[in-house]
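Data block below; observations after.
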Amino acid sequence: MNQNQLVNILIIDDDEDDFIITSSYIKEIPSGNFQIDWCSNYEEGLRKICSNQYDIYFIDYFLGGSTGLELLKNAILFDEDSPFIFLTGQGNREIYLALLEVGAADYLIKSELNAELIERSIRYALENAAAKKKIRDSEKKFRTIFEKSHDGIFIANPNFELSDFNITMSLLTGYTHDELCQFCFYDLIADDQDIRKIKVQLNEYGGVREMEIGIKHISGAIKPCIFSASLIRAPDKQFYIQGMMHDISKLRKAERSLILSEKLAATGRLARILAHEIRNPLTNINLSVDQLKGTELYTPNFHYFEIIERNSLRINDLLTELLVSSRPTHITKQHSVLQEILNKSIEAAMDRILLKNVQLEVKLEDNPVHVMADVDKLSIAFLNIIINAIEAIDEKYGLIMITLTHHIDGNEVRITDNGNGIPEENIPKLFEPYYTVKRNGIGLGLSTALNILKAHDVHIDVSSSQDSGTTFSLFFPMVKKASVIFQSEN
Numbered sequence: 014m015n016q017n018q019l020v021n022i023l024i025i026d027d028d029e030d031d032f033i034i035t036s037s038y039i040k041e042i043p044s045g046n047f048q049i050d051w052c053s054n055y056e057e058g059l060r061k062i063c064s065n066q067y068d069i070y071f072i073d074y075f076l077g078g079s080t081g082l083e084l085l086k087n088a089i090l091f092d093e094d095s096p097f098i099f100l101t102g103q104g105n106r107e108i109y110l111a112l113l114e115v116g117a118a119d120y121l122i123k124s125e126l127n128a129e130l131i132e133r134s135i136r137y138a139l140e141n142a143a144a145k146k147k148i149r150d151s152e153k154k155f156r157t158i159f160e161k162s163h164d165g166i167f168i169a170n171p172n173f174e175l176s177d178f179n180i181t182m183s184l185l186t187g188y189t190h191d192e193l194c195q196f197c198f199y200d201l202i203a204d205d206q207d208i209r210k211i212k213v214q215l216n217e218y219g220g221v222r223e224m225e226i227g228i229k230h231i232s233g234a235i236k237p238c239i240f241s242a243s244l245i246r247a248p249d250k251q252f253y254i255q256g257m258m259h260d261i262s263k264l265r266k267a268e269r270s271l272i273l274s275e276k277l278a279a280t281g282r283l284a285r286i287l288a289h290e291i292r293n294p295l296t297n298i299n300l301s302v303d304q305l306k307g308t309e310l311y312t313p314n315f316h317y318f319e320i321i322e323r324n325s326l327r328i329n330d331l332l333t334e335l336l337v338s339s340r341p342t343h344i345t346k347q348h349s350v351l352q353e354i355l356n357k358s359i360e361a362a363m364d365r366i367l368l369k370n371v372q373l374e375v376k377l378e379d380n381p382v383h384v385m386a387d388v389d390k391l392s393i394a395f396l397n398i399i400i401n402a403i404e405a406i407d408e409k410y411g412l413i414m415i416t417l418t419h420h421i422d423g424n425e426v427r428i429t430d431n432g433n434g435i436p437e438e439n440i441p442k443l444f445e446p447y448y449t450v451k452r453n454g455i456g457l458g459l460s461t462a463l464n465i466l467k468a469h470d471v472h473i474d475v476s477s478s479q480d481s482g483t484t485f486s487l488f489f490p491m492v493k494k495a496s497v498i499f500q501s502e503n
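Count along the sequence shown from 1, add 13, and you get the number used in the numbering used here.
Laid out in structure tokens, this is it:
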């Protein structure tokens, strides 16, 4: 207790003589600087407590028809955390224990009061209150960090049964708080081999440091995360696990997007080199054929010359398609509604859908989703992906689902089929020019779609399982209203 620090004291006692005696003892304390106020009844005492202007309270246990215990309970409801010292005419152990259980700082018998006892009680109560406040502030600070963290943080017992976790854990998995409380953390891990590695590292090293694992989302998707955990021994000698998960889905998407962009750029350079190197001898072949047309060799062999000309033209057309598919697409953006563009692409694919007897399910946002887009080119990109889905599915059980969902940071178009699926090792090749597994395919549809979508700043993610189908997820960035209005007016 600092001698220079002013300590505001409120004495709540319905006996004025007892107030005078108690306050006189307080004034005798040599090391104190006190401001003492008094009130004589329960109601006034509660009002003053609720004002939160006192550092410590002395309260008579019996206040007319009420008790100090009732007053303390009400004071706690109003978030008053200054210490309460209770005064009574005679000692009662049951009352003493009840007061301490609720949160009283001390319990003094009036007949035993003196300046030294009150000084000791005040000093202890203030120091204890300051220590508790420091702990509460620290807990509040770390609880705020815990709750507001963008990483999933959790506490679990040694069997990895979750006992406490932040809101990010729910966002990461898609489960509600009550649902997650029923989970063992191992139930959320996609790969059994990762579970075995975690158990080994916890047993041998007492923790796991930055292990990449896949976490199951309620939707069935697998989210890549960096996982760390520590086995901690609490003061009561019980062990618990503290874990943290950092979602790296966006990082992985960015990496795939960068790889696709680099691959597209490399393909473009290769296409230009090939076109140049192939067209030079091709031109010489065509010129030679033209020269031979007027000679005696042409008429008896004209069928062969036609084959040469036809295939030369085909090679030239293929080179042109390759250059177009690998060249950055020139687009003219305007204010558009994404639902209208999707409907245009679906309408263009409808004949194929009906001929192949494919069931189509479309679920789009009710409110218009505004984008800055080249409508014709974006329609082509959607159409190419839809056609790819149609050609991948079985005629008897064909199903294509097209959805448009609004997210906080943008909008997502999903085109899902229940076709044969794509082997994982082939997914990186999907957008390469001339890559195809179709008997009559050229392999330029998805390459062209990628070029158009990249020009619209759309992120593309492909997930597939063999015999289960494929999903193309297209993430459109959020368009600011101001930029939409400005660009649409132009």
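We treat Cβ as the ideally placed atom computed from N, Cα and C, and that holds for glycine.
When you compare only the Cα positions, how much space is there between proline 171 and isoleucine 158? Approximately 24 Å between the Cα atoms of the pair.
Would the region 136-148 count as touching the region 46-59 if we require 3 or more Cβ pairs under 8 Å? no
When you compare only the Cα positions, how much space is there between aspartate 205 and isoleucine 399? 35 Å
Look at the Cβ atom of asparagine 380, then the Cβ atom of histidine 419, and state whether they are nearer than 9 Å. yes
Out of Ile239, Ile403, Ile33 and Ala386, state which residue places its alpha-carbon closest to the alpha-carbon of aspartate 364. Nearest C-alpha to aspartate 364: Ile403.
DSSP puts valine 475 in a beta bridge; with which residues? Phe485
Proximity to isoleucine 24 [Cα-Cα], best of Ser358, Phe99 and Pro294: Phe99
Name the DSSP beta bridge partners of proline 237, please? Gly227
Is tyrosine 120 helix, strand or coil when you go by DSSP? In the displayed model, tyrosine 120 falls within a strand according to three-state DSSP.
Going by the DSSP bridge assignment, what does proline 96 pair with across the sheet? None; proline 96 has no bridge partner.
Assign phenylalanine 159 to one of three DSSP states: helix, strand, or coil. helix
Could you tell me the alpha carbon to alpha carbon distance between isoleucine 366 and leucine 396, rounded to whole angstroms? 12 Å
Measure the alpha-carbon distance for threonine 181 versus alanine 203 and round it to whole angstroms. 19 Å
Looking at the secondary structure, which residues open and close the alpha helix (DSSP H) in which serine 183 lies? 180-186
Of the residues Asp119, Ile131 and Tyr74, the one placed nearest isoleucine 42, counting alpha carbons only: The residue with the shortest Cα to Cα distance from isoleucine 42 is Ile131.
Would you say aspartate 26 and phenylalanine 71 are within 9 Å of each other, going by their C-beta atoms? Inclusion of aspartate 26 and phenylalanine 71 in the CB contact set at 9 Å is warranted, their separation being smaller than that value.
Cβ separation of isoleucine 168 and glutamine 255, assumed to be a contact under 8 Å, to the nearest whole Å: Going by Cβ atoms, the distance from isoleucine 168 to glutamine 255 rounds to 6 Å, so yes, they are a contact pair.
For isoleucine 320, the nearest candidate out of Thr308, Ser262 and Ile298 (CA to CA): Checking every option, the nearest Cα to that of isoleucine 320 belongs to Ile298.
Near asparagine 382, what residues of its chain come up, given a Cβ to Cβ distance below 7 Å and the 5 sequence neighbours on each side ignored? At residue 382 the sequence reads valine, which differs from the asparagine that was named. Correct list, in chain order: Val350, Leu351, Gln352, Leu417, His419 and Asn424.
In terms of residue numbering, what span does the alpha helix (DSSP H) encompassing glycine 219 cover? It is not in any alpha helix (DSSP H) - glycine 219 carries neither H nor E in the DSSP assignment.
Check the C-beta distance from glycine 482 over to glycine 411 and give it rounded, since I have them as a contact under 8 Å. Glycine 482 to glycine 411, Cβ: 10 Å. No contact.
Beta-carbon within less than 8 Å of leucine 113's beta-carbon, same chain only, minus the 5 sequence neighbours each way: which residues are those? Tyr120
Please list the terminal residues of the continuous beta strand (DSSP E) segment that includes glutamate 374. Its beta strand (DSSP E) spans residues 372-376.
What three-state label does DSSP hand serine 151 in the structure shown? Serine 151 falls in the helix class under three-state DSSP.
Taking the runs of the beta strand (DSSP E) that are 3 residues or longer, which of them lie wholly in the region 386-446? 412-420 and 423-430
Cutoff 9 Å: tyrosine 253 Cβ touching any chain C Cβ: Checking the listed chains, one finds no chain C in this structure; it contains a single protein chain.
Terminal residues of the beta strand (DSSP E) in which alanine 169 lies: 165-169
Local conformation of glycine 77 per DSSP, three classes: coil
Integer Cβ distance of asparagine 179 from serine 162, believed to fall under 8 Å: 6 Å
Exposed or buried, leucine 19, counting other C-beta atoms within 10 Å across all chains shown (16 or more means buried)? exposed
Going by DSSP in three states, phenylalanine 71 sits in which element: helix, strand or coil? strand
Pick from Glu268, Ser243 and Asn329 that is closest to arginine 285, judged by C-alpha positions: Asn329
Burial state of threonine 429, where buried means 16 or more other Cβ atoms lie within 10 Å: Residue burial annotation: threonine 429 is buried, with at least 16 other C-beta atoms found within 10 angstroms of its C-beta.
Report all residues from its chain with a CB closer than 7 Å to the CB of tyrosine 311; omit the five preceding and five following residues, and keep chain order. Leu305 and Phe318
If you count every other CB in all the chains shown that lies within 10 Å of the CB of threonine 308, and 16 or more means buried, which is it? exposed
Compute the Euclidean distance between the alpha carbons of aspartate 260 and isoleucine 239, then round it to the nearest angstrom. 7 Å
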